[in-house]
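Student: Quick one: structure below, then a few questions.
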Ligand SMILES: NC(=O)c1ccc[n+]([C@@H]2O[C@H](COP(=O)([O-])OP(=O)(O)OC[C@H]3O[C@@H](n4cnc5c(N)ncnc54)[C@H](OP(=O)(O)O)[C@@H]3O)[C@@H](O)[C@H]2O)c1
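Printed below as a string of structure tokens:
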């Protein structure tokens, strides 16, 4: 059936400015890391992605690695762009990332100019677009001079293949160095993409939140629901089809008694506020002004619709935040 976007798509979400740039991103963005590939029907994936756009999500996060298998998530999005979203391309912020291993040999991994720009070419072909809106270095590569990695990001912009650049998983010191080099090259760092949630407090502990304000880049924080651990789904076991059951990235071992006690306590705090744990967890990351967007995944349209309602609750109060601190222990559910 021909797709026509919801007329009211810009009325549901808040849009936030990314650092010192002129670009606004939706407070909730959508990522295609898992379950966007050959393991589920295209119809289901299409339904979720189009629902996201109808709800006001303009920002879709991708990477050469996403699938399964690698590259499949971008090919899925490319198909959707050709078939349904082509008339809306100018309303979309499409990202890709390069640098994490995606194949054999020395050029399908790392931060060299060769691997980053080769990956970008493949991603543009898979997505079926002549440019992405944000091109990221997916992870720091300490064996490659930062000047070379940053130079490849700058080239992508100069060649018209990316409008903005980002980095992901960089420790604050290296992020600062990258921000300085990019500024000198006239291509300011738009965003950094770190993991951040009630159970992963690293951006608070290592100073990244503070640095982003000083250096003027935004934070697009990933896994704000700790891959589903910050929802009520694992309180009574592992439901069929849940990520902890079928993903190599979330081991069932992390769902232990300590996790369950903390998640149950957080769930009670959320219930007192009349919301779900997932909604509380999203509001919690978004309380930080440096956080431009919370980057979520979803395996159904229900999850997406439910999670977006997080934006309609009153802000968390100081006593609530103190209570959350008690149970939001850094490292819960994570292999650090
Ligand atoms: N830069 C990087 O290195 C990096 C790394 C990881 C992720 N990311 C980006 O961040 C995006 C989001 O990561 P993520 O998927 O881990 O985020 P997340 O939002 O923490 O977890 C999403 C998963 O939680 C479950 N879920 C979501 N809402 C739920 C609800 N209301 N009730 C119950 N379960 C719910 C679903 O899993 P199930 O239903 O399948 O259990 C869903 O796929 C990725 O797609 C990717 O774009 C980037």
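In the numbering used here, the protein residues as written are 26 to 361. Even glycine gets a Cβ: it sits at the ideal position worked out from N, Cα and C.
Among the candidates 354, 95, 37, 80, whose CA atom is the shortest distance from the CA of residue 61?
Tutor: Translated into positions along the chain shown, residue 61 becomes position 36. Answer by Cα proximity: 95.
Student: From residue 137 to residue 166, what distance separates their C-alpha atoms?
Tutor: Here residue 137 refers to the residue found at position 112 when the chain shown is read from its first residue. Here residue 166 refers to the residue found at position 141 when the chain shown is read from its first residue. Answer to the nearest angstrom: the Cα atoms are 8 Å apart.
Student: Please report the residue range of the alpha helix (DSSP H) in which residue 197 lies.
Tutor: Taking the chain shown and counting its residues from 1, the one referred to as residue 197 is at position 172. First-last of the alpha helix (DSSP H) with residue 197: 197 to 209.
Student: Closest Cβ-Cβ distance between residue 101 and chain B: below 8 Å?
Tutor: Any reference to chain B falls outside this structure, which holds one protein chain only.
Student: Quick check on DSSP: helix, strand or coil for residue 249?
Tutor: Taking the first residue of the chain shown as 1, we reach residue 249 at position 224. Residue state, collapsed to three classes: coil.
Student: How big is the Cα-Cα spacing for residue 9 and residue 179?
Tutor: Residue coverage of the chain in this structure runs from 26 to 361, which leaves residue 9 outside it and unanswerable.
Student: Which word fits residue 303, buried or exposed, when buried means at least 16 other C-beta atoms lie within 10 angstroms of its C-beta?
Tutor: Indexing the chain shown from 1 puts residue 303 at position 278. It counts as buried.
Student: So, helix, strand or coil for residue 318, using DSSP?
Tutor: As a first step, residue 318 is located in the chain shown; it is residue number 293 there, counting from the start. Here residue 318 sits in strand by DSSP.
Student: Considering only C-alpha positions, which residue in the set 102, 294, 332 is nearest to residue 118?
Tutor: For the purposes of this step, residue 118 is taken as the residue at position 93 of the chain shown. For residue 118, the nearest C-alpha among the options comes from 102.
Student: Rounded to the nearest angstrom, what separates residue 97 and residue 185 at their Cα positions?
Tutor: The count along the chain shown starts at 1 and reaches residue 97 at position 72. The count along the chain shown starts at 1 and reaches residue 185 at position 160. So the two alpha carbons sit approximately 24 Å from each other.
Student: State the beta-bridge partners of residue 294 as determined by DSSP.
Tutor: Position 269 of the chain shown holds residue 294. Per DSSP, none; premise fails for residue 294.
Student: Taking 7 Å as the cut-off, does the CB of residue 155 come closer than this to any heavy atom belonging to ligand 1?
Tutor: Here the question's residue 155 lines up with position 130 in the chain shown. Incorrect: residue 155 has no Cβ contact closer than 7 Å to ligand 1.
Student: For residue 322, verify whether its CB is less than 7 Å away from any heavy atom of ligand 1.
Tutor: In the chain shown, the residue the question calls residue 322 occupies position 297. At least one heavy atom of ligand 1 is nearer than 7 Å to the Cβ of residue 322, so yes.
Student: For residue 198, tell me which candidate among 240, 43, 78 has the shortest Cα-Cα distance.
Tutor: For the purposes of this step, residue 198 is taken as residue 173 along the chain shown, with counting starting at 1. Among 240, 43, 78, the Cα nearest to that of residue 198 is on 240.
Student: Between the stretch 280 to 289 and the stretch 340 to 360, do at least 3 Cβ pairs fall closer than 8 Å?
Tutor: Yes, the stretch 280 to 289 touches the stretch 340 to 360.
Student: Under the three-state reduction of DSSP, which class applies to residue 110: helix, strand or coil?
Tutor: Within the chain shown, residue 110 is the residue found at index 85, counting from 1. Residue 110 falls in the helix class under three-state DSSP.
Student: Are there any heavy atoms of ligand 1 lying less than 7 Å away from the beta-carbon of residue 209, as far as the coordinates show?
Tutor: To locate residue 209, count along the chain shown from 1; it is residue 184. Checking every heavy atom of ligand 1 against the Cβ of residue 209, none is found closer than 7 Å.
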